[in-house]
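Every letter in the sequence shown is one number past the one before it in full-length UniProt numbering, and letter 430, counting from 1, is 430. For glycine and all other residues, C-beta sits at the position ideal for the given N, C-alpha and C.
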Amino acid sequence: MSKRIDDISRTTIEDVNKHVLNTISTLIKSELDAGFNAKFATLIQPMRIKLDNLVESVLDAATVRALLDVGFNAKYSTLAQPLKSDVHELKTKLTILNDYVLSLTSGNVEAAAYCLPDPRDKLFCHIAEHTRRQQNKISIIGIGHVGQAVLASLLFQKITDNIAIYDRDEDKIKGELLDFQYAAMYSSNTHIEGSTKINVIVNSKIVIITAGARRQKGDTRITLVQKNVEVFQDIIPKIVQYAPHAVLILVSNPVDIMTYITDKISCLPPGQVVGSGTNLDTSRLHFYMSHKYNVAAESCKGWVIGEHGETAVIAYSTLTVGGTYIEDINFKMGESCDIEKWSDIHNEVLTTSANIISLKGYTNWAIGLSVADLAHTIITNNKSVHPVTVSAKGFYCITEDVYLSLPAVLGENGVIEVVRLELSSKECELLRKSADYLYNMQKEIKI
Ligand SMILES: NC(=O)c1ccc[n+]([C@@H]2O[C@H](COP(=O)([O-])OP(=O)(O)OC[C@H]3O[C@@H](n4cnc5c(N)ncnc54)[C@H](O)[C@@H]3O)[C@@H](O)[C@H]2O)c1
């Protein structure tokens with residue numbers, strides 16, 4: 001009975017296979033022998049000399065041989081070790097070649113390609129799996145001017161090595177990802193992922209929210225807020241779903257109102273929702289102080305509190321330079337007869353945003369750095385004090401459920417404590433006015 005076709009081809013493949021394996025084995029054997037002999041020769045030479053010397057001396061030949069055997073066996077084991085690993089490596093190569101030949105002879109070129117050794121295995125010796133740290137993941141919602149500045153600040157200050165960005169504009173995300181990936185040299189091998197799907201933020205430790213509607217012609221402050229409320233009603237529950245333990249940092253304006261709304265929609269534990277608030281206004285104040293006294297901004301302390309906006313309060317009683325209270329040396333701070341004209345600084349701090357917007361159309365760099373500073377405090381749980389938007393009910397006789405900036409201790413879960421400032425009666429009054437202003441706006445919003 002004649003052989004079936006597939007039997008014949010199987011026999012042929014097996015023959016080819018055997019032949020290839022035999023050839024490779026012979027090659028490996030001869031290579032091994034050459035290597036072994038070379039190493040063996042260098043070992044045996046000094047032994048021969050030793051043997052001759054010993055024979056000439058008083059010892060008999062049998063003792064010499066016994067001594068030599070002990071030495072030889074010891075040396076042999078050190079010689080054999082590298083040869084053993086050579087043999088192991090060659091055996092692995094042989095197996096790979098075997099698979100390759102098998103795939104080729106069976107006509108499966110694609111499978112054959114997989115059998116070839118990966119050049120990466122030549123570059124690295126694999127020890128353990130690659131992982132990416134999850135506990136420091138920071139997500140940015142909205143990658144417009146502010147989102148980009150936050151991203152740049154997080155990256156270049158190396159605050160995290162794991163960032164996710166979410167926006168509804170796919171091209172913007174693609175463009176930013178491409179642009180930022182070429183900054184890899186300067187950004188600590190940070191992993192940045194972007195998507196129009198909100199699940200990209202999964203397991204974030206911090207979510208920074210900068211998305212929001214832009215003011216259109218004819219929009220009042222309230223219509224703008226109402227548009228943002230609709231955006232937030234859609235995205236906040238999804239953020240909480242995918243990152244339930246994340247601290248939410250609100251940046252979208254009006255930031256105090258948006259913090260209030262987010263706190264209500266999210267139902268997160270107290271302190272887990274925080275607004276960037278007057279952290280930016282405070283750094284602006286420190287800039288003007290440093291300019292005025294010609295000292296570093298870091299040596300100027302004190303807070304801007306209340307609304308992030310026109311009713312913000314510069315708490316003069318908290319301002320120090322190099323540890324000295326300004327009010328102790330200037331009793332007329334902020335009054336019309338104040339020779340230092342603190343009211344000018346007050347105006348500069350509060351109107352500078354509008355000036356920047358009239359010049360370049362938006363503000364982004366200082367807010368980006370200021371938000372990255374908040375993220376740094378939270379991610380490192382370093383408990384620095386920042387003026388941020390928190391629930392203010394109960395402080396300084398504020399009776400309404402209103403959110404505004406007060407200095408607060410921040411940690412890994414957000415706000416830990418609110419600092420009780422010893423404010424003057426005038427400052428308390430201004431703060432309550434700021435709260436009233438915000439509360440009146442809040443009342444008009446439909447959640
Ligand atoms: N708190 C502060 O101190 C401060 C400072 C500056 C700006 N802001 C505020 O930050 C916000 C952003 O400003 P910007 O200049 O970056 O604006 P922008 O228009 O440049 O960026 C907004 C981004 O949000 C995205 N977006 C809008 N709605 C979205 C949605 N539903 N889902 C996903 N993405 C959405 C847009 O596609 C856009 O990329 C504004 O509300 C602005 O007033 C706050």
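Checklist line | CB of residue 394 within 7 Å of CB of residue 271, strictly | finding: If you number the sequence shown from 1, residue 394 lands on position 394. If you number the sequence shown from 1, residue 271 lands on position 271. No, these two residues do not count as a Cβ contact at 7 Å.
Suppose you measure from the CA of residue 380 to the CA of residue 411; what does that come to, to the nearest Å? On the sequence shown, position 380 is the one that residue 380 refers to. On the sequence shown, position 411 is the one that residue 411 refers to. Residue 380 and residue 411 have their C-alpha atoms spaced approximately 8 Å apart.
What does the Cβ neighbour count give for residue 339, buried or exposed, with the cut at 16 atoms within 10 Å?
Here residue 339 refers to the residue found at position 339 of the sequence shown. Per the 10 Å Cβ criterion, exposed.
*asked:* Comparing C-alpha positions only, which one of 200, 368, 308 and 419 sits nearest to residue 159?
replied: For the purposes of this step, residue 159 is identified with residue 159 of the sequence shown, where counting begins at 1. For the residues 200, 368, 308 and 419, the minimum Cα distance to residue 159 belongs to 368.
*Buried or exposed by the 16-neighbour rule on C-beta atoms within 10 Å, applied to residue 185*: Counted from its first residue, the sequence shown places residue 185 at position 185. It counts as exposed.
Subject >> Burial state of residue 233 (16 or more Cβ within 10 Å) >> reply: The residue given as residue 233 occupies position 233 in the sequence shown. Taking all protein chains in view, the Cβ of residue 233 is surrounded by fewer than 16 other Cβ atoms within 10 Å, so the residue is classified as exposed.
Check your understanding: For the beta strand (DSSP E) that contains residue 434, what are its first and last residues?
Key -> One-based indexing of the sequence shown puts residue 434 at position 434. Note, residue 434: premise wrong, no beta strand (DSSP E); alpha helix (DSSP H) at 425–443.
Margin query: Taking 6 Å as the cut-off, is the C-beta of residue 194 nearer than that to any heavy atom in ligand 1?
Written below: Indexing the sequence shown from 1 puts residue 194 at position 194. False, no ligand heavy atom lies under 6 Å from that Cβ.
task: With hydrogens ignored, establish whether the beta-carbon of residue 143 is closer than 6 Å to any heavy atom of ligand 1.
output: Indexing the sequence shown from 1 puts residue 143 at position 143. Distances taken from the Cβ of residue 143 to the heavy atoms of ligand 1 include one shorter than 6 Å.
Within 7 Å, strictly: CB atoms of residue 312 and residue 427
The residue given as residue 312 occupies position 312 in the sequence shown. The residue given as residue 427 occupies position 427 in the sequence shown. In this structure, residue 427 does not lie closer than 7 Å to residue 312 by Cβ.
- Can you name the start and end residues of the beta strand (DSSP E) that residue 414 belongs to? Counting from one through the sequence shown, the residue named residue 414 turns up at place 414. Start and end: 414–418.
Backbone CA spacing between residue 254 and residue 225 [nearest angstrom]: On the sequence shown, residue 254 is found 254 positions in, with the first residue counted as 1. On the sequence shown, residue 225 is found 225 positions in, with the first residue counted as 1. Their backbone Cα atoms lie some 7 Å apart in a straight line.
Thinking C-alpha only, which one of 433, 440 and 179 is nearest residue 425? Along the sequence shown, one-based indexing puts residue 425 at 425. For the residues 433, 440 and 179, the minimum Cα distance to residue 425 belongs to 433.
Subject >> Local conformation of residue 405 per DSSP, three classes >> reply: The sequence position of residue 405 within the sequence shown is 405, counting from 1. Looking at residue 405 - three-state DSSP - the assignment turns out to be strand.
Mark residue 408 as exposed unless 16 or more other C-beta atoms lie within 10 angstroms of its C-beta, in which case mark it buried.
-> For the purposes of this step, residue 408 is taken as residue 408 along the sequence shown, with counting starting at 1. Buried, by the Cβ-count rule.
Report the three-state DSSP secondary structure of residue 323 (helix, strand or coil).
Locating residue 323 in the sequence shown gives position 323, where the first residue counts as 1. Of the three classes helix, strand and coil, the one that applies to residue 323 here is coil, per DSSP.
(Q) In the DSSP output, what is residue 386 paired with across the bridge? (A) Working through the sequence shown from its first residue, we reach residue 386 at position 386. DSSP output for residue 386 lists 408 as bridge partner(s).
Item to check | DSSP state of residue 166 mapped onto helix, strand, coil | outcome: Reading the sequence shown from its first residue, position 166 is the one you call residue 166. In this structure, residue 166 counts as strand in the three-state DSSP scheme.
Taking C-alpha atoms, which residue in 324, 275 and 157 lies nearest to residue 372?
Here residue 372 refers to the residue found at position 372 of the sequence shown. Out of 324, 275 and 157, the CA that lies nearest to the CA of residue 372 is found in 157.
- Item | Distance CB(residue 204)-CB(residue 243) smaller than 7 Å | As a working mapping, residue 204 is identified with position 204 in the sequence shown. As a working mapping, residue 243 is identified with position 243 in the sequence shown. Cβ atoms of residue 204 and residue 243: closer than 7 Å.
Report task. Kindly indicate the opening and closing residues of the beta strand (DSSP E) around residue 274. Result -> Along the sequence shown, one-based indexing puts residue 274 at 274. According to the DSSP assignment, residue 274 belongs to the beta strand (DSSP E) that extends over 273–275.
Any heavy atom of ligand 1 closer than 6 Å to the beta-carbon of residue 257? As a working note, residue 257 is residue 257 in the sequence shown. No, the beta carbon of residue 257 sits no closer than 6 Å to any heavy atom of ligand 1.
inquiry  = For residue 265, report the span of its alpha helix (DSSP H) as first-last.
reply    = As a first step, residue 265 is located in the sequence shown; it is residue number 265 there, counting from the start. Looking at the DSSP string, the run of the alpha helix (DSSP H) that includes residue 265 is 255–266.
| request: With hydrogens ignored, establish whether the beta-carbon of residue 362 is closer than 6 Å to any heavy atom of ligand 1. | output: By one-based count along the sequence shown, residue 362 stands at place 362. Checking the 6 Å criterion, the Cβ of residue 362 is within range of a heavy atom belonging to ligand 1.
Which of helix, strand or coil does DSSP assign to residue 55? In the sequence shown, residue 55 corresponds to position 55, counting from 1. For residue 55, the predicted model reports a pLDDT of 49, less than 50, meaning its position is unreliable and no value from the coordinates is stated.
Where DSSP assigns a beta bridge to residue 340, which residues make up the other side?
By one-based count along the sequence shown, residue 340 stands at place 340. In DSSP, residue 340 forms no bridge with anything.
- How about residue 139 and residue 161: are their beta carbons less than 7 Å apart? Residue numbering aside, residue 139 sits at position 139 when the sequence shown is read from its first letter. Residue numbering aside, residue 161 sits at position 161 when the sequence shown is read from its first letter. Contact: no.
Given the structure, does residue 168 come close to ligand 1, in the sense that its CB is under 6 Å from one of the ligand's heavy atoms? Along the sequence shown, read from residue 1 onward, the residue named residue 168 stands at position 168. Yes.
Does the beta-carbon distance from residue 222 to residue 444 come in below 7 Å? Within the sequence shown, numbered from 1, the residue matching residue 222 stands at position 222. Within the sequence shown, numbered from 1, the residue matching residue 444 stands at position 444. Result yes, Cβ atoms of residue 222 and residue 444 sit closer than 7 Å.
task = Pull up the CB-CB distance for residue 207 and residue 239, whole angstroms please, since I reckon it's below 8 Å.
result = Within the sequence shown, the letter at position 207 stands for residue 207. Within the sequence shown, the letter at position 239 stands for residue 239. With a contact defined as Cβ atoms closer than 8 Å, residue 207 and residue 239 qualify at about 5 Å.
Roughly how many whole angstroms lie between the Cα atoms of residue 346 and residue 283?
Counted from its first residue, the sequence shown places residue 346 at position 346. Counted from its first residue, the sequence shown places residue 283 at position 283. Taking the straight line joining both Cα atoms gives about 13 Å.
Nearest to residue 198 by CA position, among 165, 181 and 172, is which residue?
Locating residue 198 in the sequence shown gives position 198, counting from the first residue. Sorting 165, 181 and 172 by C-alpha distance to the C-alpha of residue 198 places 165 at the top.
Give the secondary structure of residue 421 by DSSP, where H, G and I count as helix, E and B as strand, and everything else as coil. Taking the first residue of the sequence shown as 1, we reach residue 421 at position 421. Note: residue 421 maps to coil in three-state DSSP.
message = With a threshold of 6 Å (Cβ to nearest heavy atom), would residue 211 be considered close to ligand 1?
response = As a position in the sequence shown, residue 211 is number 211, starting the count at 1. For residue 211, the shortest C-beta to heavy atom distance toward ligand 1 is below 6 Å.
Nearest to residue 212 by alpha carbon, out of 267, 262, 356 and 218?
If you number the sequence shown from 1, residue 212 lands on position 212. Of the candidates 267, 262, 356 and 218, 262 places its Cα closest to the Cα of residue 212.
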